[in-house]
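Everything on this sheet refers to the single structure shown next.
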Amino acid sequence: MKKDKKDIFLKVLNNVVFPDNYASNISRCVDVKKRKISNLKSHDSHILMEHLLPIACRKSSS
Numbered sequence: 001m002k003k004d005k006k007d008i009f010l011k012v013l014n015n016v017v018f019p020d021n022y023a024s025n026i027s028r029c030v031d032v033k034k035r036k037i038s039n040l041k042s043h044d045s046h047i048l049m050e051h052l053l054p055i056a057c058r059k060s061s062s
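If you count the sequence shown from 1, position 7 lands on 7 in full-length UniProt numbering, and the numbers rise without skipping.
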C-alpha cells in the first residue's frame with residue numbers, strides 16, 4: 001500500500017467510534033505519524049478484521 005493510501009486508511013481507523021462495551025478505543029492503538037497499529041487485544045483484532053478493514057479499504061481506495 002502506498003504511503004498516501006496508508007495514511008487515509010489509518011486516519012479512518014483513528015476516527016472510528018464504537019458503542020460502549022463493543023470494542024476498546026482502537027484509535028489509541030493507531031499511530032498515524034509512525035504509520036503503525038499496535039497493542040490490540042484479540043477481540044479488537046477480530047473487530048478490526050471483521051468490520052473495519054472492509055470499510056477502511058473501501059475508503060482508502062476511492
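Where a beta carbon is used, it is the ideal one built from N, C-alpha and C, also for glycine.
Hey, would you say residue i sits closer than 8 Å to residue j, going by beta carbons?
{"i": "Ala23", "j": "Ile47", "result": "yes"}
{"i": "Leu52", "j": "Val32", "result": "no"}
{"i": "Leu60", "j": "Val12", "result": "Strictly speaking, residue 60 in this sequence is Ser, with Leu absent from that position. Cβ distance < 8 Å, so Ser60 and Val12 count as in contact."}
My guess is that residue i and residue j are in contact by the Cβ rule of under 8 Å, so how many angstroms apart are they, rounded?
{"i": "Ile26", "j": "Asp44", "result": "6 Å"}
{"i": "Cys57", "j": "Leu40", "result": "The Cβ separation is near 17 Å, so there is no contact."}
Suppose you measure from the CA of residue i to the CA of residue j; what does that come to, to the nearest Å?
{"i": "Ile37", "j": "Asn21", "result": "21 Å"}
{"i": "Pro19", "j": "Lys2", "result": "31 Å"}
{"i": "Glu50", "j": "Val17", "result": "15 Å"}
{"i": "Asp4", "j": "Asn15", "result": "17 Å"}
Can you look up residue i in the DSSP assignment and give me helix, strand or coil?
{"i": "Val30", "result": "strand"}
{"i": "Lys36", "result": "strand"}
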